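Chemist: Starting off with a structure, shown below.
Numbering (my numbering), first residue to last: 17 to 302.
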């Protein structure tokens, strides 16, 4: 049985993650008390033909029991049971806005604890499971469709073991760095199509913009060097049990250079039939 533990900050997207995972075949249980998870796993293992992929959502209301939970899950790991942890996060300012827009009270908020204090307390309680996360997604700047697509790319196939999921993403520094990044590369040293009038309003998804960026010899050289680094690192990360790698490519606005380079890196890494996805966070922002 494959068990996915979903945790994270209130307002970071756990409910949406449950909807996506149910759509791709997971049996999901929301608001699972941490203390009950080991017992539930025992019950599910007896019905593994019916429940081969289970997702359990836990949050800060469970209190300080996450260290013990991880230890019990480690003890249960074996040929018939594996688990991974997905942690969803967002910047406090974003979480605050989401709570205000939804008009829902934070689950830890009380008459004596305002929202800022509740977020601080929640981060403290969740830190043990955050440290153990196999997948970390910062949803601060993700559109719902992009978040859904990313989850599908990670979990639709039930990939395990050596099948690392590699996500190549473009972004604009002026919109903020992606919080889920494992590696960040700055390509603002490349020729900028923004200053070419006929290319300014296009993006790196357009072939003439792509060709302009790669008319700079440094672009191809950069991509080959990054690929060589990743080819060196990927098997070593897999040996350490890392199942996902998020590589972010940034330029000023996330429209031209980073999009072109992310496209090409995805093509180069895909030559080896790896599970590679390419997404462009800021390509529609102007």
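The beta carbon of each residue, even a glycine, is placed where N, CA and C say it ideally should be.
All of these numbers come straight from a predicted model, not from anything done at the bench.
1. As an exercise, report each continuous beta strand (DSSP E) stretch of at least 3 residues that is fully enclosed by the segment 60-85, in chain order.
2. Flag this pair as touching only if the segment 149-165 and the segment 234-242 have three or more C-beta atom pairs under 8 Å; answer yes or no.
3. Pull up the CB-CB distance for residue 298 and residue 191, whole angstroms please, since I reckon it's below 8 Å.
4. To which residues of the same chain is residue 145 closer than 8 Å at the C-beta, ignoring the five residues directly before and after it?
5. Quick one: using the 10 Å Cβ neighbour count with 16 as the cut-off for buried, is residue 52 buried or exposed?
6. Determine the contact status of residue 208 and residue 279, defining contact as a CB-CB distance below 8 Å.
7. Measure from the alpha carbon of residue 77 to the alpha carbon of each residue in 127, 284, 137, 223, then state which is nearest.
8. Please return the same chain residues whose Cβ sits closer than 6 Å to the Cβ of residue 181, not counting the five positions on each side in sequence.
9. Where do the N-terminal and C-terminal ends of the beta strand (DSSP E) with residue 229 fall, by residue?
10. Leaving out five residues before and five after residue 36 in sequence, what residues of the same chain have Cβ atoms less than 7 Å from its Cβ?
11. Please work out which residues of its chain come closer than 8 Å, Cβ to Cβ, to residue 25, disregarding the five sequence neighbours upstream and downstream, and give them in chain order.
12. Determine the direct distance from the alpha carbon of residue 250 to that of residue 17, and round the result to whole angstroms.
13. Which residues bound the alpha helix (DSSP H) around residue 97?
14. So the candidates are 263, 271, 19; which of them puts its Cα closest to the Cα of residue 215?
15. Which whole runs of the alpha helix (DSSP H) in the segment 179-253 are 4 residues long or more, in chain order?
16. Runs of 3 residues minimum, wholly inside the segment 84-166: which ones carry the beta strand (DSSP E) assignment?
17. Output the distance between the C-alpha atoms of residue 69 and residue 294, rounded to the nearest integer angstrom.
18. Determine the burial state of residue 194: buried for a count of at least 16 other Cβ atoms within 10 Å of its Cβ, exposed for fewer.
19. If contacts are defined as beta-carbon pairs under 8 Å, then residue 115 and residue 186 qualify, I think. What distance do you get, rounded to the angstrom?
20. How big is the Cα-Cα spacing for residue 175 and residue 98?
Modeler: Answer, in terms of the structure:
1. Entirely contained in the segment 60-85, the beta strand (DSSP E) runs reaching 3 residues are, in chain order, 69-73.
2. no
3. Numbered from 1 along the chain shown, position 282 holds the residue referred to as residue 298. Numbered from 1 along the chain shown, position 175 holds the residue referred to as residue 191. 5 Å between Cβ atoms; contact.
4. As a position in the chain shown, residue 145 is number 129, starting the count at 1. Same-chain partners within the cutoff: 21, 23, 74, 82, 85, 86, 101, 103.
5. Within the chain shown, numbered from 1, the residue matching residue 52 stands at position 36. When all chains shown are included, residue 52 counts as exposed.
6. As a first step, residue 208 must be located in the chain shown, where it is residue number 192. As a first step, residue 279 must be located in the chain shown, where it is residue number 263. At a Cβ-Cβ threshold of 8 Å, residue 208 and residue 279 do not count as neighbours.
7. Walking along the chain shown from the start, residue 77 turns up at place 61. The shortest Cα separation from residue 77 among 127, 284, 137, 223 belongs to 137.
8. Residue mapping note: residue 181 aligns to position 165 of the chain shown, counting from 1. Result list for residue 181: 170, 260, 291, in chain order.
9. Against the chain shown, residue 229 aligns to sequence position 213. First-last for residue 229: 223-229, but that is the alpha helix (DSSP H), not the beta strand (DSSP E).
10. Walking along the chain shown from the start, residue 36 turns up at place 20. Only 164, 167, 168 meet the Cβ criterion.
11. As a working mapping, residue 25 is identified with position 9 in the chain shown. Within the same chain, residue 25 has close Cβ partners 104, 105, 106, 111, 135, 138, 139, 142.
12. On the chain shown, position 1 is the one that residue 17 refers to. On the chain shown, position 234 is the one that residue 250 refers to. Approximately 26 Å between the Cα atoms of the pair.
13. In the chain shown, residue 97 corresponds to position 81, counting from 1. It is not in any alpha helix (DSSP H) - residue 97 carries neither H nor E in the DSSP assignment.
14. Along the chain shown, one-based indexing puts residue 215 at 199. Nearest of 263, 271, 19 to residue 215, Cα basis: 271.
15. 223-229
16. 98-105, 151-154
17. Walking along the chain shown from the start, residue 69 turns up at place 53. Walking along the chain shown from the start, residue 294 turns up at place 278. Straight across, the Cα-Cα distance linking residue 69 with residue 294 is about 26 Å.
18. By 1-based counting over the chain shown, the position of residue 194 is 178. By the neighbour-count rule (16 or more Cβ atoms within 10 Å), residue 194 is buried.
19. Locating residue 115 in the chain shown gives position 99, counting from the first residue. Locating residue 186 in the chain shown gives position 170, counting from the first residue. At roughly 30 Å, the Cβ-Cβ gap does not stay under 8 Å, so residue 115 and residue 186 are not in contact.
20. Along the chain shown, one-based indexing puts residue 175 at 159. Along the chain shown, one-based indexing puts residue 98 at 82. Only weak support is given to the placement of residue 175: the predicted model assigns it a pLDDT of 43, under 50, and the value that follows is read from those uncertain coordinates. C-alpha separation (whole angstroms): 12 Å.
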